[in-house]
Amino acid sequence: MDMLCVGTLAIDSVETPAGSCERVLGGSASYFSYAAGFYTPVRLIGRTGYDWPTEYTQTFLNHRVDWRGVTHDSLAKSYFWRGRYLKDYQDRETLEIQMHGFDRYRPTMPDCYADSQVVFLAAAIPSVQLQVLDQCRQAQWVFADTVDMWIDTTRSQLLDVLARIDGLFINDVEAKQLTGKNNVVQAARCIQSLGPRWVILKKGEHGCFVLGPDTMLALPAYPSDTLIDPTGAGDSFAGGVLGFLCSRFRQKENDPKSLSQIDRKDMVQAIMQGTALASYTIESFSIKRLQQITFEDIQNRVSQLQSLVGH
Numbered sequence: 347m348d349m350l351c352v353g354t355l356a357i358d359s360v361e362t363p364a365g366s367c368e369r370v371l372g373g374s375a376s377y378f379s380y381a382a383g384f385y386t387p388v389r390l391i392g393r394t395g396y397d398w399p400t401e402y403t404q405t406f407l408n409h410r411v412d413w414r415g416v417t418h419d420s421l422a423k424s425y426f427w428r429g430r431y432l433k434d435y436q437d438r439e440t441l442e443i444q445m446h447g448f449d450r451y452r453p454t455m456p457d458c459y460a461d462s463q464v465v466f467l468a469a470a471i472p473s474v475q476l477q478v479l480d481q482c483r484q485a486q487w488v489f490a491d492t493v494d495m496w497i498d499t500t501r502s503q504l505l506d507v508l509a510r511i512d513g514l515f516i517n518d519v520e521a522k523q524l525t526g527k528n529n530v531v532q533a534a535r536c537i538q539s540l541g542p543r544w545v546i547l548k549k550g551e552h553g554c555f556v557l558g559p560d561t562m563l564a565l566p567a568y569p570s571d572t573l574i575d576p577t578g579a580g581d582s583f584a585g586g587v588l589g590f591l592c593s594r595f596r597q598k599e600n601d602p603k604s605l606s607q608i609d610r611k612d613m614v615q616a617i618m619q620g621t622a623l624a625s626y627t628i629e630s631f632s633i634k635r636l637q638q639i640t641f642e643d644i645q646n647r648v649s650q651l652q653s654l655v656g657h
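When we follow this note's numbering, the leftmost residue of the sequence shown carries the number 347, and every step to the right adds one.
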């Protein structure tokens, strides 16, 4: 059961209290697809520019990520983001965004992706998310992510996305921004009323809150003592959650419709996988730490989490 992902493939420059990096691999689809690739093959849709390093492409090809849906623009640069994290790592400043045509990007899904049944719309402009959804005629299970910029600037299109998906990943601040609710439970219920059956609120170092059909749960973050750069941790978290669920249900029935039967136990296990991957992501800039670990490393950290919460 291959998963389809659409989102940004970016070049980032980041400053944190621990240091800085210039022009490294970034973007929502980059973090998500690399994390999900530990569990299941990923079909990728995105756009790169003429400044995109070829070694970045090879990084994904070596990690079960299908690159045939990526458009290479030889006339424009890649999406670029420059950001700074303040001393407490809680506040992030966007210093520069250069879309370099991504806001005009029109994704075209290859014929070989047409049978994709599990779809993740990584944080990207909602118009791109909707265009991909329109082409995913066999999609059985769709999750999405979003960020504050799209809530502020493209709210109407974002609401169209929410009406067509099964689940949403969103951080607690953005959930409150989207709904106007200051309580995370109220915000999650409000988001459910907009369409998604599953709402996964990311709370950074405080873990996550999950609201689903007959399910409400809260799980902690992994207590890491190494924090270099939190960029992409939420995307890696989502990749671990959905990658695990895809692999689990492929093993069970080879039928993505069974994903609609996910219960509390399944989601707890998936959240722990995502939490482990997020905890590794923050230990380096870009995806460098993820490139150093194995599937066994992830499971060791999951075991530690299970001991921590008593599961």
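Glycine included, C-beta positions come from ideal geometry on N, C-alpha and C.
Strand pairing of residue i, partner residues [DSSP]
| i | result |
| --- | --- |
| Thr362 | Gly365 |
| Met445 | None, per the DSSP bridge assignment. |
| Asp419 | Gly395 |
| Asp609 | Per DSSP, none; premise fails for Asp609. |
| Glu439 | Arg430 |
| Leu390 | Cys351 |
| Leu371 | Ile357 |
| Asp457 | None; Asp457 has no bridge partner. |
| Leu514 | Ala490 and Val545 |
| Val411 | Val388 |
| Lys464 | In the sequence on display, residue 464 carries Val and not Lys. Met349 and Trp487. |
| Tyr425 | Ala356 |
Distance, residue j Cα to residue i Cα
| i | j | result |
| --- | --- | --- |
| Pro456 | Arg389 | 10 Å |
| Thr500 | Ala470 | 11 Å |
| Leu505 | Gly586 | 25 Å |
| Gln444 | Lys527 | 31 Å |
| Asp643 | Pro387 | 19 Å |
| Phe590 | Gln619 | 7 Å |
| Met329 | Tyr396 | Lying before the first or after the last residue shown, residue 329 is absent from the chain, which here runs from 347 to 657. |
| Glu439 | Thr362 | 11 Å |
| Ile574 | Ile633 | 12 Å |
| Gln481 | Pro472 | 14 Å |
| Ala509 | Leu371 | 32 Å |
| Phe448 | Gly365 | 29 Å |
| Gln484 | Cys536 | 28 Å |
| Tyr435 | Gly541 | 32 Å |
| Ser502 | Ser653 | 43 Å |
| Asp491 | Asp581 | 8 Å |
| Cys554 | Tyr626 | 16 Å |
| Pro566 | Pro559 | 21 Å |
| Leu524 | Asp494 | 8 Å |
Buried versus exposed, by CB contacts within 10 Å (16 or more), residue i
| i | result |
| --- | --- |
| Leu421 | exposed |
| Ser593 | buried |
| Leu432 | exposed |
| Thr400 | exposed |
| Phe641 | exposed |
| Glu368 | exposed |
| Pro453 | buried |
| Met613 | buried |
| Thr577 | buried |
| His418 | exposed |
| Val556 | buried |
| Glu442 | exposed |
| Arg414 | exposed |
| Arg450 | exposed |
Opening and closing residue of the alpha helix (DSSP H) in which residue i lies
| i | result |
| --- | --- |
| Tyr299 | Given a span of 347 to 657 for the chain in the structure shown, any question on residue 299 remains unanswerable. |
| Tyr402 | Thr400 to Leu407 |
| Asp643 | Phe641 to Val655 |
| Gln637 | Lys634 to Gln638 |
Residue span of the beta strand (DSSP E) that contains residue i, given as start and end
| i | result |
| --- | --- |
| Met562 | Thr561 to Leu565 |
| Leu350 | Met349 to Val352 |
Item to check | Contiguous beta strand (DSSP E) assignments of at least 3 residues, all confined to the segment 466-512 | outcome: 487-491
Item to check | Complete beta strand (DSSP E) runs within the segment 516-599 (minimum length 3 residues, chain order) | outcome: 544-548, 554-558 and 561-565
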